[in-house]
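K.L.:
Count along the sequence shown starting at 1, add 3, and that's the number in this note's numbering.
Think of the CB as a built atom: it goes at the ideal place given N, C-alpha and C, for glycine as much as any other residue.
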Amino acid sequence: MADGRGDGAVRRREYAKIATEMHIIPQRTTAAQEPEAYTPGRGEGSLRGQREFSLMGRYTPKERMFLEAAEKGDKATLMRCLQPPTPVNVNVTNMVGRSALTMAVDNENIEIVELLLGQPDIKIGNALLYAIREGVYRIVEMMVNHPSITPNMLGEEWCNTIDPGEECFDYSPDISPVILAAQLNQFEILQLLLSQGANISTPHNLTCECDGCTERIKADSLRYSLHRISTYRALASPAWISLTSTDPILTAFRLSWELFNLAQLENEFKDPYMELVEECRTYAVQLLDQCRSSEEVIAVLNQACEDDDSDDEEEEEGAKDDEDEEKLSLNRLKLALKYEQKQFVSHPHCQQLLTSIWYESLPGWRKRNIFTKVFILMSLISLLPFMAFYYILHPRSTVGRFMRNPFMKFLSRIRRFIRSPIIKFLR
């Protein structure tokens, strides 16, 4: 019995040394503080010794050597531990749940990652998420191409491949590799995952009553809401929109509008939804900011889509026969007004184009002094009836094009607005 107690004390001291190096147990400075065997009624010291004794039995010396080598990047020691006839369990984890593969990923040690992935029983698990977080393309590529990883596992089926005891401390099981890559805007890694068949499904409508949504809400309503926010955070990322959308600006408009409505419905999560709304709006503005000429701005703002308003069909048909009217379509600008994209409309590129269109028939208008402007305005107002009559007779003449200018249309409406009360007053 004495030998057994002595051997147990030696093993406990050995474990305490290892745990101290791994920052699990605070370092002790005196021999009197050495952990003792558990004895009922010894208080806190006995409970601490019992905890250390129970944790110490989890690892063999070879497993401890294996984990230490993985943390230090000692490839030679790892190879010795993995050699037959008694290879160590390659999936063994330390006391904080980190496997050798996870530690190698954190250290960005490609050689050790390649060595561990070559083992037949290796489980990649959450190490793939850490590799995506670190942004090491080569490591992610090796893991994605591993035989144990399928395209479905990179997306919606990820949570089904993680055992409850192997859940990641940093990410919930609903965070799949493709969602994480999109949230972190890892363009190259996200493109790799998309090439492997990964996908993100748009969440169902908030009022959806399908069996899947109903079951998830009954199981855990908070987890259901957090999963929706996490998915939308990935869908609203610039990386995802840029790589998956054929019309990024339109996608940003629609998504920001959808998220804005969700923020009104789910008041508890209004702040995260509004953050995503601003992210989508900012992304659309940044795309417009990439334009380097008026021609490019016109091409962006004239982009048509199925959501464009068709109230001014007659005006658009007339514009087809006149090249000067093409820039007045501005379908994308109308769509921005529909979705309340104030930042997009107020962007300097957009405002500069609108100003140039507004004063196109009056070159140098903004540089003239106030007296010249007043004189020109009074002259145009007095000539409006004659120009209007001439426009009816010759709509495609120079005067006709001048009358179709936005500034002249505005001036004509102001004249009618002022004339009506004057006539009523005189009567």
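Which term fits glycine 200, buried or exposed, when burial requires 16 or more other beta carbons within 10 angstroms of its beta carbon?
P.N.:
exposed
K.L.:
Using a Cβ-Cβ cut-off of 8 Å (strictly less than) and excluding sequence neighbours within five positions of isoleucine 192, which residues of its own chain qualify?
P.N.:
Ile135, Gly138, Tyr140, Val143 and Ala184
K.L.:
Touch check for the segment 217-225 and the segment 243-262: three-plus C-beta pairs under 8 Å?
P.N.:
no
K.L.:
Please state the DSSP three-state secondary structure of threonine 153.
P.N.:
coil
K.L.:
So, for leucine 279: in the same chain, excluding its five sequence neighbours on each side, which residues have a beta-carbon less than 7 Å away from its beta-carbon?
P.N.:
Tyr235, Arg236, Ala239 and Leu262
K.L.:
Give me, in chain order, the residues of the same chain whose beta-carbon lies closer than 7 Å to that of serine 415; leave out the 5 immediate sequence neighbours on both sides.
P.N.:
Leu387
K.L.:
Looking at cysteine 294: is its Cβ nearer than 8 Å to the Cβ of valine 300?
P.N.:
yes
K.L.:
Using a Cβ-Cβ cut-off of 7 Å (strictly less than) and excluding sequence neighbours within five positions of glutamine 306, which residues of its own chain qualify?
P.N.:
Asn334 and Arg335, listed in sequence order.
K.L.:
Histidine 207 to aspartate 214, Cα distance in whole Å?
P.N.:
12 Å
K.L.:
Can you tell which of Asn110, Thr80 and Tyr227 has the C-alpha that lies nearest to the C-alpha of proline 176?
P.N.:
Tyr227
K.L.:
Could you tell me the distance, in whole angstroms, from the CA atom of isoleucine 203 to the CA atom of cysteine 162?
P.N.:
Using only the alpha carbons, I get a separation of about 13 Å.
K.L.:
Could you tell me which of Arg284, Ile360 and Cys84 sits nearest to leucine 340, measuring between CA atoms?
P.N.:
Arg284
K.L.:
Is there contact here, the segment 265-281 with the segment 246-256, by at least three beta-carbon pairs under 8 Å?
P.N.:
no
K.L.:
Would you give the residue range spanned by the alpha helix (DSSP H) that serine 385 belongs to?
P.N.:
If you look at serine 385, you'll find it in the alpha helix (DSSP H) that goes 373-396.
K.L.:
Reducing DSSP to helix, strand and coil, say where threonine 80 ends up.
P.N.:
Note: threonine 80 maps to helix in three-state DSSP.
K.L.:
Have a look at serine 394 and glutamate 298 and give me their C-alpha separation to the nearest angstrom.
P.N.:
Looking at the sequence itself, residue 394 is tyrosine, so the reference to serine does not match. Spanning the two alpha carbons is a distance of roughly 29 Å.
K.L.:
Less than 8 Å separating the beta-carbons of glutamine 122 and leucine 70?
P.N.:
no
K.L.:
I need the straight-line Cα distance from glutamate 212 to leucine 197, nearest angstrom please.
P.N.:
Approximately 30 Å between the Cα atoms of the pair.
K.L.:
Return yes when the Cβ of leucine 132 is within less than 8 Å of the Cβ of proline 90, no when it is not.
P.N.:
Taking C-beta atoms as the reference points, proline 90 and leucine 132 fail to come closer than 8 Å.
K.L.:
Quick one, are the C-beta atoms of isoleucine 113 and alanine 73 less than 8 Å apart?
P.N.:
no
K.L.:
Between the C-alpha atoms of glutamate 47 and methionine 98, what's the straight-line distance to the nearest angstrom?
P.N.:
Model confidence at glutamate 47 stands at a pLDDT of 44, short of 50, so the residue's coordinates are unreliable; what they give is reported in the following sentence. C-alpha separation (whole angstroms): 21 Å.
K.L.:
Please classify leucine 50 as buried or exposed, where buried requires at least 16 other C-beta atoms within 10 Å of its C-beta.
P.N.:
Confidence at leucine 50 is low in this model, with a pLDDT of 41, below 50, so its placement is unreliable and the value that follows should be read with caution. Leucine 50 counts as exposed, since fewer than 16 other C-beta atoms from the protein chains shown sit within 10 angstroms of its C-beta.
K.L.:
Give every residue of the same chain whose Cβ lies closer than 8 Å to the Cβ of leucine 229, excluding the five residues on either side of it in the sequence, and list them in chain order.
P.N.:
For leucine 229, same chain residues with a beta-carbon under 8 Å away, outside a window of 5 residues either side, are Ser175 and Asp177 in chain order.
K.L.:
Tell me whether threonine 153 is buried or exposed, calling it buried when 16 or more other Cβ atoms sit within 10 Å of its Cβ.
P.N.:
exposed
K.L.:
Output the residue ranges of the alpha helix (DSSP H) runs that lie fully inside the segment 87-138 and measure 4 residues or longer, sorted by chain position.
P.N.:
103-109, 113-120 and 130-137
K.L.:
DSSP on cysteine 216, reduced to helix/strand/coil?
P.N.:
helix
K.L.:
As a quick exercise: from Gly158, Gln189 and Leu195, pick the residue whose alpha carbon is nearest that of threonine 205.
P.N.:
Gly158
K.L.:
Can you find the residues in the same chain that come closer than 7 Å, C-beta to C-beta, to isoleucine 244, ignoring five residues on each side of it along the sequence?
P.N.:
If we look at isoleucine 244 and ignore the five residues flanking it on each side, its Cβ neighbours are Pro251, Thr254, Ala255 and Tyr286.
K.L.:
Give the DSSP-derived three-state secondary structure of alanine 239 in the structure shown.
P.N.:
coil
K.L.:
Report yes if the C-beta distance between methionine 146 and glutamate 117 is below 8 Å; otherwise report no.
P.N.:
no
K.L.:
Using a threshold of 8 Å, state whether the C-beta atoms of methionine 390 and valine 402 are closer than that.
P.N.:
yes
K.L.:
Enumerate in chain order the residues of its own chain whose CB-to-CB distance from histidine 149 is below 7 Å, with the five nearest sequence positions on each side excluded.
P.N.:
Leu120 and Ile127
K.L.:
Give me the residue from Gln355, Asn270 and Lys376 with the minimum Cα distance to leucine 365.
P.N.:
Closest by alpha carbon: Lys376.
K.L.:
On the premise that leucine 291 lies in contact with histidine 352, defined as a C-beta separation below 8 Å, what is that separation, rounded to the nearest angstrom?
P.N.:
Histidine 352 to leucine 291, Cβ: 6 Å. Contact.
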